[in-house]
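From first to last, the protein sequence lines are chains R and E. Counting from 0, one number per residue, gives the positions in the first sequence under numbering that gives the first Met the number 0. Counting from 0, one number per residue, gives the positions in the second sequence under numbering that gives the first Met the number 0. Below: the structure, in structure tokens.
Number of protein chains: 2
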Amino acid sequence: MPGKLKVVGFGPGGKGDMTLRAIEAIENAEIVMGFTTYIKILQEIFPDKQFKSTGMTKEVDRCKMAVQEAATGKEVVMVSSGDSGIYGMAAITYQVADELDADIDIEVIPGITAASSAAAVLGAPLTHDTALISLSNRLTPWDLIEKRLDAAAASDMVVALYNPKSHGRPDLIEKAFKIMGKYKDPNTVVGVVRNIGRKDQDSWICSMKDFDFEKIDMFCTVIIGNSKTYALDGKMITPRGYEIGGE
Amino acid sequence: MPGKLKVVGFGPGGKGDMTLRAIEAIENAEIVMGFTTYIKILQEIFPDKQFKSTGMTKEVDRCKMAVQEAATGKEVVMVSSGDSGIYGMAAITYQVADELDADIDIEVIPGITAASSAAAVLGAPLTHDTALISLSNRLTPWDLIEKRLDAAAASDMVVALYNPKSHGRPDLIEKAFKIMGKYKDPNTVVGVVRNIGRKDQDSWICSMKDFDFEKIDMFCTVIIGNSKTYALDGKMITPRGYEIGGE
């Protein structure tokens, strides 16, 4: 019987935002693997479970280990925070299993992606068309990222930024705001959530022109509104277009 | 004490893809409200629960009822399929509560959005930048939707189409493909999932040029790949850019 490899998104980090399928997959797995930071989060939720962690930039090696373990017939879980299918480990898992010609069943178990969990904290900023764009240029040429930021802003989409900052590229978010600022009004509402779902979760709303780039780090998700987005009692609202008042 | 209104996304439809927070919110609610189709799904999962349903185009009325019930001090849940914050009821709930000047606490509980759950069924099509675009022109001018489709395709984003078809607008998806076809190769991989998470779930992968518009209805989610997306043993893979082979 082929082994089973489940690629599980565990959402923002609390057990409450995990799906039943994700919880069951982790509880039933013989091995749970993932990036060190994620494993630390899961060890608090599943203290009796055995985990294997690897460093951040070892994605391919981690995948190979997971695929090889599964190929021996074990039930293996590979975890990603958020949704395993959105900037997560789902694609690379299929690719590595193909490269190794491994006889395993792969199942992707989706989770709540950072844009969704950040939006819920901020109010309702994603109720209209939204572009999910990562500012990480580790694997994507920056000119392609620029092109997408430009296109999303020019067509008045809400933009949810993943990986807004890292040590190696602290200025990319400022560059991204400059590109979007060609089309988006300086008063466009922006929302930030830091450490979503963790104990020290923090969030704030401001305008594009008052945005403080220094406050952003790799643990933030940043959502830039469209031209209709507004602030309401500290919440960020992107209306869908319903007539609210009167009959 | 102000009443509590929780806007809950229950994901694609099965209990397994619901989060613990969503399940607990529904179990603890005094009233659960939602569009008839969603309530029927939830009645199967929570047979002992009392529900109130309203028709599809009565969103504002449904929200007013929910806000008014919560304002009496009751714990009320308003449900959306997928994520309540992505084309869901979150924004309109805040807007209606503001309009009615209701003294209630609103909490948005995110769920697995259709793009995430469809992606998990199809393989891993959303591992790179993605635009979420609804083809419903009930509340959004069609020229704005066209502009967003054009921008997303021109910048080589993956595109996840929500509401790809309805009785009133059967030809919009064909128009959308024509616009994206200005930039996307005819061989671009497309994936479709119909009735995600339900008993009669169906899914298929094809190329843009072989896409059968007749097979699409309002219960489908359609994902159009970027220029790197490929088909692998019946799965749809959008690579992130990792070097898979060798060292």
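For every residue, glycine included, the Cβ atom is placed at its ideal position computed from N, Cα and C.
ask   = What does a CB cutoff of less than 6 Å around P238(E) pick up in its chain, not counting 5 residues either side in sequence?
value = On the second sequence, residue 238(E) is found 239 positions in, with the first residue counted as 1. The residues are K227.
key: Three-state secondary structure (DSSP) of I40(R)   = By 1-based counting over the first sequence, the position of residue 40(R) is 41. The answer is helix: DSSP assigns I40(R) an H, G or I state.
query = How would you label Q94(R), buried or exposed, when you count the other beta carbons within 10 angstroms and need 16 or more for buried?
reply = Counting from one through the first sequence, the residue named residue 94(R) turns up at place 95. Flag for Q94(R) reads buried.
ask   = Touch check for the segment 179-190 of chain R and the segment 143-160 of chain R: three-plus C-beta pairs under 8 Å?
value = yes
ask   = Which of helix, strand or coil does DSSP assign to Y182(E)?
value = As a position in the second sequence, residue 182(E) is number 183, starting the count at 1. Y182(E): coil per DSSP, three-state reduction.
message = If I measure Cβ to Cβ from E68(R) and keep anything under 6 Å in the same chain, skipping five residues before and after, which residues do I get?
response = Here residue 68(R) refers to the residue found at position 69 when the first sequence is read from its first residue. Around E68(R): I30, V75.
Any beta strand (DSSP E) of 3 or more consecutive residues that is wholly inside the segment 86-161 of chain E = 103-108, 129-133, 157-161
query = Any beta-carbon of chain E closer than 8 Å to the one on P275(R)?
reply = No answer is possible for residue 275(R): the residues shown for chain R start at 0 and end at 246.
request  = Output yes or no for whether 8 Å exceeds the beta carbon distance between I105(E) and T126(E).
outcome  = Locating residue 105(E) in the second sequence gives position 106, where the first residue counts as 1. Locating residue 126(E) in the second sequence gives position 127, where the first residue counts as 1. No, the pair does not count as a contact, with Cβ atoms beyond the cut-off.
message = Against M156(R), what residues of chain E qualify as contacts under a CB-to-CB distance less than 9 Å, listed in chain order?
response = Taking the first residue of the first sequence as 1, we reach residue 156(R) at position 157. Simply A130, L131, I132, R147, A150, A151.
request  = Work out the CA separation of M32(E) and M77(E) for me, nearest whole Å.
outcome  = If you number the second sequence from 1, residue 77(E) lands on position 78. If you number the second sequence from 1, residue 32(E) lands on position 33. The alpha-carbon atoms of M77(E) and M32(E) are separated by roughly 5 Å.
task = Can you check the segment 199-237 of chain E for any beta strand (DSSP E) of at least 3 residues that lies completely inside it and give the ranges in chain order?
result = 201-206, 219-223, 229-231, 234-236
query = Can we say the segment 107-116 of chain E touches the segment 113-129 of chain R, given the rule of at least three CB pairs closer than 8 Å?
reply = yes
ask   = Does the beta-carbon of N162(R) have 16 or more other beta-carbons within 10 angstroms, so that it is buried, or is it exposed?
value = Counting from 1 along the first sequence, the entry for residue 162(R) is found at position 163. Label assigned to N162(R): buried.
key: Cross-chain neighbours of E68(R) in chain E, by beta carbon under 8 Å   = Translated into positions along the first sequence, residue 68(R) becomes position 69. What E68(R) touches in chain E: nothing, since even the nearest Cβ is about 18 Å away.
ask   = Cβ-heavy atom distance between V107(E) and the ligand ZN below 7 Å?
value = Questions concerning the ligand ZN fall outside what the structure shown contains, since it holds no ligand whatsoever.
query = Mapping DSSP to helix, strand and coil, what is E246(R)?
reply = Taking the first residue of the first sequence as 1, we reach residue 246(R) at position 247. Low confidence applies here, because E246(R) scores a pLDDT of 41, under 50, leaving its location unreliable; read the following figure in that light. Correct three-state label for E246(R): coil.
message = Taking 8 Å as the threshold (C-beta atoms), are A123(E) and I25(E) in contact?
response = Within the second sequence, numbered from 1, the residue matching residue 25(E) stands at position 26. Within the second sequence, numbered from 1, the residue matching residue 123(E) stands at position 124. Not in contact: I25(E) and A123(E) (Cβ atoms no closer than 8 Å).
ask   = Who are the neighbours of I236(E) on chain R, taking C-beta pairs under 7 Å?
value = The sequence position of residue 236(E) within the second sequence is 237, counting from 1. Those within 7 Å of I236(E) in chain R are A90, Y93, Q94.
Contacting positions in the segment 68-85 of chain R - beta carbon closer than 9 Å to chain E = D82, S83, G84, I85
inquiry  = Just checking: is the beta-carbon of Y182(E) within a distance shorter than 8 Å of some beta-carbon in chain R?
reply    = The residue given as residue 182(E) occupies position 183 in the second sequence. It does not: the Cβ of Y182(E) has no partner Cβ on chain R nearer than 8 Å.
Endpoints, beta strand (DSSP E) assigned at T68(R) = For the purposes of this step, residue 68(R) is taken as residue 69 along the first sequence, with counting starting at 1. The sequence given here has Glu at residue 68(R), not Thr. Looking at the DSSP string, E68(R) is not in any beta strand (DSSP E); the run it does join, the alpha helix (DSSP H), is 58-70.
Same chain, Cβ closer than 6 Å to V66(R), five either side skipped, listed in chain order = In the first sequence, residue 66(R) corresponds to position 67, counting from 1. Within the same chain, V66(R) has close Cβ partners V95, A96, L99, A101.
ask   = Buried or exposed: which applies to N225(E), given that a residue is buried once 16 or more other Cβ atoms fall within 10 Å of its Cβ?
value = The residue labelled residue 225(E) in the question sits at position 226 within the second sequence. N225(E) should be labelled buried.
Short Cβ contact (8 Å threshold) for S80(R) with G12(R) = Locating residue 80(R) in the first sequence gives position 81, counting from the first residue. Locating residue 12(R) in the first sequence gives position 13, counting from the first residue. Yes.
key: The beta strand (DSSP E) enclosing E74(R), as first and last residue numbers   = Within the first sequence, numbered from 1, the residue matching residue 74(R) stands at position 75. Where E74(R) is concerned, the enclosing beta strand (DSSP E) stretches over 74-79.
inquiry  = My assumption, with CB atoms under 8 Å, is that V221(E) sits in contact with L121(E). Please give the rounded CB distance.
reply    = Start at 1 with the first residue of the second sequence, and residue 221(E) comes out as number 222. Start at 1 with the first residue of the second sequence, and residue 121(E) comes out as number 122. The pair is not a contact, with the Cβ atoms about 10 Å apart (cut-off 8 Å).
ask   = How many Å lie between T35(E) and D47(R) at the Cα?
value = Walking along the second sequence from the start, residue 35(E) turns up at place 36. Walking along the first sequence from the start, residue 47(R) turns up at place 48. Taking the straight line joining both Cα atoms gives about 42 Å.
request  = Taking Y241(R) as the query, report the chain E residues whose CB atoms sit under 8 Å from its CB, ordered along the chain.
outcome  = Within the first sequence, numbered from 1, the residue matching residue 241(R) stands at position 242. Result: E58, V59, I91, Q94, L138.
query = Looking at the C-beta of G33(R), does it have a partner C-beta in chain E at a distance below 8 Å?
reply = If you number the first sequence from 1, residue 33(R) lands on position 34. It does not; no Cβ of chain E falls within 8 Å.
Supposed contact pair A70(R) and I103(R) - C-beta distance, whole angstroms, cut 8 Å = Indexing the first sequence from 1 puts residue 103(R) at position 104. Indexing the first sequence from 1 puts residue 70(R) at position 71. I103(R) to A70(R), Cβ: 6 Å. Contact.
task = Using alpha carbons as the reference points, say which of D82(R), F45(R), P169(R) lies closest to K5(R).
result = Working through the first sequence from its first residue, we reach residue 5(R) at position 6. Of the listed residues, the one whose Cα sits closest to K5(R) is D82(R).
key: Cβ neighbours of C249(R) in the same chain (closer than 8 Å, five flanking residues each side left out)   = Residue 249(R) is absent from the structure shown; chain R starts at 0 and stops at 246.
Option in I111(R), A119(R), L160(R), M156(R) with minimal Cα separation from S135(R) = As a position in the first sequence, residue 135(R) is number 136, starting the count at 1. Nearest option by C-alpha distance: L160(R).
inquiry  = Looking at the strands, I want to know which residues DSSP matches up with I30(E).
reply    = Translated into the one-based positions of the second sequence, residue 30(E) becomes position 31. Per DSSP, V75(E).
task = With DSSP as the reference, label G167(E) as helix, strand or coil.
result = Residue 167(E) sits at position 168 when you count from the first residue of the second sequence. Looking at G167(E) - three-state DSSP - the assignment turns out to be coil, as it is neither helix nor strand.
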